[in-house]
Structure formats: C-alpha cells, structure tokens
Amino acid sequence: MTKHNMTERTDRPTPHELRIPRFTLGNGVVLSAETLRMFEEAIGAMRHHKEIYTDWGFGEIDPMGRNMILNFYGPPGTGKTLAAEALAGTLNRPYLHIGISELESKYVGETAKNITAAFNAAATEGALLFFDEADTLLGTRLSSVTQGIDNEINAMRSTLLIELERFDGIVVFATNFAKNYDSAFVSRIRYHIEFKLPGFDERKQLWGRLLAPRIPLAEDRTLIIERGAAASDGLSGRELRTVMRTAFPRAFIENPEIPCVRWGHFESAIADVRAANQNVGSRRHEKALSSAAEIEAGRRILGVAD
Ligand SMILES: Nc1ncnc2c1ncn2[C@@H]1O[C@H](COP(=O)(O)OP(=O)(O)OP(=O)(O)O)[C@@H](O)[C@H]1O
Ligand SMILES: [Mg+2]
C-alpha cells in the first residue's frame, strides 16, 4: 500500500484523541531524583503561569512565553510516554495524544490540517497537547526538497511553528533524541527533561511496582526486589516489564496446579531479555554507539550539555 493510497484515508481514525489521565507523577512513574527535580520546577512554573503572564502582565512583554513547551528526551522504554500522561494527571487536565508516526506516514497531505485541528481541540478542552515520538517533527526543516514526503514534513514543521506561536497552553514533545533540532523549536522549548535508564534505586521501585501484591512468590518479596534490581542493571522500565511478562507464565508451565514464581524464573527471563538485545545484534550495538554520539550532539544543540 502506498503512502498516497486514497482508500485508506476515508476510514482513517482521528490522529489525536482526548484522554483522561489514569495516574499522576506521584503514583504512576518511577523517576530519578534529578528528573523529578526538573518536573517540580516545570510544574511550579506552570502552576503560577497565569499569575505571572496574565495577572502581572508579563505576557504583554513576553508574548512568545505565553505557552509552556516541554521536551522529554532519553532512550526507549524509560517512561516518557507514561510521564506525559502522568504530568497531565498531576496538573488535573485531560491530554491529547498525537502519534507522529501516524501523522507523517499514513495521512500524507493532511498532516498540517491535523496539527491545526489538534491545537484547536487542545485549546477548547484546556488539554495538555502531547506529541509522542516527535523526533521527525522537531528536526531542521529540509532545504533541498526533492520528494513529496519531504514537502510534507516541511509543511508539518511550518504549521507546528505557527500553531505553537498562537497557542497559550501546555505542549509536551517526547523524543529519543532528534538529531538536528531546528533552532526555531529549541528556542521555544522551556524545559528539556532528561529520562535515563533506571539506576539501582529506581530499579528497586520498578520491581516493587511490577510485583503486584497477589503474585505468589516462592521467596521473600523484599529479597526478590533487591536481587532483581541488582541483576537488571542496564535494562529500561519497559524491559523490566518484559521480564515480568516472560517470568510469570513460566510459573504456570512449571506447575499448573500451584503456580509459584521463583527467583529462577526472573533470572532466566532477565537472561532472555539480554540475549534478545544482543541478538538484534550488532544493530543494537551500532545504534547504541551512534545514539551516544547523537545525544552528545543533541545536548550541545539544546544547550543542556554538562
Ligand atoms: N520510569 C518508569 N516508571 C514506571 N514504569 C515505566 C518507566 N519506564 C518504563 N516503564 C514501563 O514501560 C512501559 C513503556 O514505557 P514508555 O512507553 O513510557 O517509554 P518511552 O520512554 O515512551 O519509550 P519510547 O522512547 O520507546 O517511546 C510503561 O508503560 C511502563 O510499564
Ligand atoms: Mg514513548
């Protein structure tokens, strides 16, 4: 099916949808102290935004600062999508989730219109506007446009800039790390919030969250959490979830009558996740290397280098 297929467009789903957050930052996401601190600062600024910009009249002097734009960046599976929902929950607002991949790949010709519609809907509903997987969106506009799809991306970026200027609500972008952030976007983003792979303490919290209280465990729960956190260094929150998804059914396979999860089930599941990462092979390795360089370059562009 080509990107310009007309029949696919007629029954397309809306590229954005208004959702009610299921949790808040306090009860739904495990974050490092550093990331939490950045959230606290951003939330503080958002809570007093109206006072500063409207009541104090600073909006007349700083019209570009009327909106609040955040960028969540970091490796896959570290909780960026989760945190966007949780931020909306903390701020007691609905949120509009915009899947960029849908926008750019399927609905060629309509992306700019969809973006405008999303901003209008968010303004009407007072919703947090969340552009998930926004790497393509935030990139530099292409100067030598040769193909339709490039035109499309440029149109999307230009529309986004125009809409950002008009909007006075909250916008969150989530990125793995856009390689070439367009400086026009960089200058508009108020807070860059970094998501890292979980450290030991965060892994302990994640294990604690993932081990739902009714899961029958063969060993002491605290001990498993401690061991699990130590044995899963380098894994993301999403990978830890995969560990659980792999380990639990094994307890049933082992003993369908009285299933009970042992440390061994977790241990083998961790090994499987690590093996899967290796087997995707040199590609993951290459990706890790290039993304380290990209992250470095990206940090410099964003002005958040250490
Ligand atoms: N920091 C975290 N706290 C709690 N759960 C997490 C965290 N990180 C990952 N998870 C678990 O992994 C799942 C996937 O995380 P999420 O989709 O938020 O990652 P992401 O950073 O958006 O990844 P990607 O860059 O691939 O979009 C979550 O739904 C949750 O179950
Ligand atoms: Mg995500």
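Numbering-wise, our numbering comes out as the position in the sequence shown, counting from 1, plus 837. Positions of the beta carbon are idealized from the N, C-alpha and C atoms, including for glycine.
Short Cβ contact (7 Å threshold) for residue i with residue j
i, j, result
"G881", "G1074", "no"
"Y1018", "L975", "yes"
"E1056", "W1100", "yes"
"A925", "V866", "no"
"S869", "E1104", "no"
"L862", "A923", "yes"
"P1050", "L1043", "no"
"A1106", "A1084", "yes"
"D1005", "R903", "yes"
"L1001", "R1025", "yes"
"L1054", "V1110", "no"
"A971", "I937", "yes"
Same chain only: Cβ atoms within 6 Å of residue i, ignoring 5 sequence neighbours per side
i, result
"R1087", "H1102"
"F1014", "Y910, E1131, I1132, G1135"
"F1089", "P1096"
"S908", "Going by the sequence as given, residue 908 is Asn instead of Ser. Counting only Cβ-Cβ distances below 6 Å, and skipping sequence neighbours, we find F1010, I1026, H1029."
"F860", "A923, G926"
"G896", "Y890, R903"
Cβ-based neighbour list, residue i, same chain, cut-off 7 Å, excluding 5 preceding and 5 following
i, result
"D848", "Unreliable positioning characterises D848 in this predicted model, as indicated by a pLDDT of 41, which lies under 50. The coordinate reading is nonetheless provided below. Contacts found: none."
"I857", "P931"
"R1082", "none"
"L997", "I952, L974"
"R918", "Note that residue 918 corresponds to Thr in the displayed sequence, not to Arg. For T918, where only same-chain residues beyond five positions count, the Cβ hits under 7 Å are D969, A1011."
"L1047", "L1077, R1078, M1081"
"H886", "M905"
Exposure label - residue i; buried when at least 16 CB within 10 Å
i, result
"R1058", "exposed"
"I935", "buried"
"I898", "exposed"
Start and end residues, alpha helix (DSSP H) containing residue i
i, result
"L919", "917 to 927"
"F1089", "1074 to 1091"
"I831", "Limits of the chain in this structure are 838 at one end and 1143 at the other, which puts residue 831 out of reach."
"M875", "870 to 884"
Other residues of its chain near residue i: CB distance less than 8 Å, five sequence neighbours each side excluded
i, result
"L826", "This structure cannot settle anything about residue 826, because the visible part of the chain is limited to 838 through 1143."
"T872", "I1030, E1031, F1032, K1033"
"D1070", "F1037, R1040"
"V1141", "H1029, E1031"
Inter-residue spacing [alpha-carbon to alpha-carbon] between residue i and residue j
i, j, result
"K1033", "N929", "26 Å"
"N988", "R874", "39 Å"
"A949", "M993", "5 Å"
"I906", "A954", "18 Å"
"S995", "I1138", "20 Å"
"V1009", "G916", "14 Å"
"L894", "I1052", "The question names Leu, yet the displayed sequence has Gly at residue 894. Computed Cα separation, rounded: 55 Å."
"T977", "S1020", "8 Å"
"R1120", "A960", "In this predicted model, R1120 has a pLDDT of only 45, less than 50, meaning its place in the structure is not dependable; the value taken from the coordinates is given anyway. The alpha-carbon atoms of R1120 and A960 are separated by roughly 42 Å."
"P900", "A1068", "50 Å"
"E1094", "A1108", "26 Å"
"N864", "N1092", "34 Å"
"E947", "N991", "13 Å"
"N1116", "R1003", "47 Å"
Residue i - containing beta strand (DSSP E), residue span
i, result
"V1174", "The structure shown does not extend to residue 1174, since the chain is modelled only from 838 through 1143, so no value can be given for it."
"A963", "With the sequence shown as reference, residue 963 is identified as Gly, and Ala is not the correct amino acid for it. Here G963 belongs to no beta strand (DSSP E), and DSSP marks it neither H nor E."
"L933", "932 to 936"
* **Heavy atoms of ligand 3 versus C-beta positions, residues under 7 Å** => Ligands present in the displayed structure are limited to ligand 1 and ligand 2, and ligand 3 is not among them.
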